[in-house]
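Shown next, in structure tokens, is the structure this report addresses.
Residue numbers (mature numbering (1 follows the signal peptide of the UniProt record, and there is no 0)): -20 to -1, 1 to 578.
If you want it as structure tokens, here you go:
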């Protein structure tokens, strides 16, 4: 028994010594797998490598149902692609395959599991040089058949008695680095389980590039560029309307609103930057910053409305625009911090930096960003629900904006995740285009269009709310109102039978409101300690005013107290719970820090 073990040890030592001698006799360089042009090893119909277009290769890869199992696909451009990938990523396989082909008898007992020596050529013709092809492999996954192309290396041996075949694991084919058209964008498509990268052709040679240009992509990019430019121009319109004092509070944060829309629209402009390899990273930055500015301004306006129109508080809370800007700055700081952390942590992901938008890999961080957007929109939905009973006329517009973004974004992300392995670049771009216009474009229309309509018609939402139905009132009611104000009322002149009950109710409400105005105005003058609570941090001047409100204000009061007295006289709200009534019936020019409660 010991003798047999020693014999086996000697045989193994001898064989390893022979292999090492053979390896040392060959120079350690990457061998040239062929001394002839690739077209010379193919039959006559494939003699010219340029005669086989890239679309022919993709068609052959796609139609796997029409081919039998273990069938071979041999094309000149396919041979070049496989050889290029092996030289770039795994040159050791080429070296070992050539070593075994040159000395087949010395390696009969040491062949790898994926290599074999056969007597006949796998093709219908004999080979004199190595050939790289694809073989259709059939397998069974559960009850479903699976067909997949696998690379196959065919080497004629030095004795021309055998052929060495080496099966490899499937890998991607990249024709982008073989073409000189660097200005064209590198995109990938999946055919027969293999991902093929290629550029659009810029010359007459179509053997390693896509001969059909990507149609309709330029139209989508141009349309989004136009929308982004329009949003930038609308910022100046918002500034002009704010200077006219037309509903100044209604135009708050609208500049940030349009800036965020412009950033979101500019995502599709990345399709023009073909030479930049980090477009996937830039797209995520644009998406998150645009989302935070666009929908952050919407949610903050809902938040301000909810705080100011609460009726179960004894104080009237006023959230100034400066406070909204602070909240939005905090939101942007949180977003930028997360983006910086994600960028620094993604340097090791080469697939992310080498991929071109919109064919970006889906990382775990992508799911985190989607969860961040969903949580923010859910918070906006909660604010909309809590503000459902307020008399804010813009409530339904902002509610539709938040709900529409949540639903469309959820569907778009689910669709991208479902087709992430085989989606074409045009398909992913179309999904992004539709998502942007179903959310951003529609939200801009439903939020901004009513503002311009009311401004052009000579009024605003709040003036219409304040005026109520007075313009449609009965002529006798107008006369009754004038008589009430003048103190000369004659009920015999009022035809109550001919009046509309709704008009009577509206006029009575108006009269009671005006009476309440005079009562509370005198109440404010006699009780200066009744204060208004404002949102945000109180300034030092506000603290001094609050401190002095315990003291009766005389005619010789200091300037700060006089400003407080004037502020109280101009107060147009009733600050007693549970009702808040507007105290005037005429059109008013309001400052940004004032509030109207209907």
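From the three backbone atoms N, C-alpha and C, an ideal C-beta is built for every residue, glycine too. Please read these numbers as outputs of a predicted model, since none were measured by experiment.
If we ignore side chains and look at the alpha-carbon of each, how far apart do residue i and residue j end up?
| i | j | result |
| --- | --- | --- |
| residue 70 | residue 63 | 10 angstroms |
| residue 500 | residue 491 | 14 angstroms |
| residue 282 | residue 305 | 14 angstroms |
| residue 174 | residue 45 | 15 angstroms |
| residue 431 | residue 415 | 25 angstroms |
| residue 224 | residue 164 | 49 angstroms |
| residue 7 | residue 138 | Residue confidence is low: residue 7 scores 36 on pLDDT, short of 50, so the model does not pin down where it sits. Its coordinate-derived value is still stated next. If you take the alpha carbons of residue 7 and residue 138, they lie about 18 angstroms apart. |
| residue 424 | residue 53 | 53 angstroms |
| residue 307 | residue 354 | 19 angstroms |
| residue 351 | residue 389 | 11 angstroms |
| residue 18 | residue 159 | Low confidence applies to residue 18: its pLDDT is 47, below 50, so where it sits in the model is not reliable, and the reading given next is rough at best. C-alpha separation (whole angstroms): 17 angstroms. |
| residue 299 | residue 366 | 17 angstroms |
| residue 488 | residue 288 | 26 angstroms |
| residue 267 | residue 58 | 38 angstroms |
| residue 356 | residue 125 | 44 angstroms |
| residue 368 | residue 232 | 21 angstroms |
| residue 237 | residue 182 | 41 angstroms |
| residue 301 | residue 216 | 18 angstroms |
| residue 372 | residue 378 | 11 angstroms |
| residue 479 | residue 485 | 10 angstroms |
| residue 493 | residue 483 | 15 angstroms |
| residue 121 | residue 428 | 55 angstroms |
| residue 80 | residue 96 | 10 angstroms |
| residue 269 | residue 342 | 19 angstroms |
| residue 186 | residue 114 | 20 angstroms |
| residue 384 | residue 244 | 16 angstroms |
| residue 210 | residue 239 | 10 angstroms |
| residue 274 | residue 403 | 29 angstroms |
| residue 246 | residue 220 | 25 angstroms |
| residue 107 | residue 141 | 11 angstroms |
| residue 407 | residue 49 | 31 angstroms |
So, residue i versus residue j, is the Cβ gap smaller than 8 angstroms?
| i | j | result |
| --- | --- | --- |
| residue 339 | residue 405 | yes |
| residue 37 | residue 55 | yes |
| residue 116 | residue 129 | yes |
| residue 248 | residue 413 | yes |
| residue 261 | residue 333 | yes |
| residue 172 | residue 280 | no |
| residue 112 | residue 131 | yes |
| residue 589 | residue 420 | Because residue 589 is not part of the residues shown, which for the chain are -20 to 578, the question remains open. |
| residue 411 | residue 396 | yes |
| residue 361 | residue 197 | no |
| residue 337 | residue 250 | yes |
Does the Cβ of residue i have 16 or more other Cβ atoms within 10 Å, making it buried, or fewer, making it exposed?
| i | result |
| --- | --- |
| residue 92 | exposed |
| residue 68 | exposed |
| residue 505 | exposed |
| residue 119 | exposed |
| residue 393 | buried |
| residue 327 | exposed |
| residue 481 | exposed |
| residue 39 | exposed |
| residue 78 | buried |
| residue 100 | exposed |
| residue 498 | exposed |
| residue 35 | exposed |
| residue 199 | exposed |
Counting only beta-carbon separations shorter than 8 angstroms, does residue i have a partner in chain C?
| i | result |
| --- | --- |
| residue 330 | In summary, chain C is missing from the structure at hand, where a single protein chain is found. |
Along the beta strand (DSSP E) that carries residue i, what are the first and last residues, could you check?
| i | result |
| --- | --- |
| residue 241 | Unbroken run through residue 241 is the alpha helix (DSSP H), 234 to 245; no beta strand (DSSP E). |
| residue 316 | Residue 316 -> not in any beta strand (DSSP E); alpha helix (DSSP H) instead, spanning 301 to 325. |
| residue 80 | Looking at the DSSP string, residue 80 is not in any beta strand (DSSP E); the run it does join, the alpha helix (DSSP H), is 71 to 82. |
| residue 178 | 174 to 179 |
| residue 405 | No beta strand (DSSP E) contains residue 405, which is instead part of the alpha helix (DSSP H) from 405 to 416. |
| residue 168 | 166 to 171 |
Between which two residues does the alpha helix (DSSP H) holding residue i run?
| i | result |
| --- | --- |
| residue 357 | 344 to 366 |
| residue 197 | 197 to 223 |
| residue 616 | Because the chain spans -20 through 578 in this model, residue 616 falls outside it and cannot be assessed. |
| residue 135 | Element bounds for residue 135: not the alpha helix (DSSP H) but the beta strand (DSSP E), 124 to 136. |
| residue 51 | Segment: none, residue 51 is in no alpha helix (DSSP H) and carries neither H nor E. |
| residue 376 | 375 to 398 |
| residue 261 | 259 to 288 |
| residue 142 | Run containing residue 142: none; DSSP gives neither H nor E here. |
| residue 35 | 34 to 42 |
| residue 120 | Taken as a continuous stretch (DSSP letters only), residue 120 belongs to no alpha helix (DSSP H), being part of the beta strand (DSSP E) at 111 to 121. |
| residue 334 | 330 to 334 |
Assuming the contact rule is C-beta atoms closer than 8 angstroms, residue i and residue j should be a hit. Round their C-beta distance to whole Å, please.
| i | j | result |
| --- | --- | --- |
| residue 278 | residue 348 | In fact, because the Cβ distance is near 22 angstroms, the residues do not count as touching under 8 angstroms. |
| residue 143 | residue 102 | 7 angstroms |
| residue 189 | residue 161 | 6 angstroms |
| residue 272 | residue 315 | 4 angstroms |
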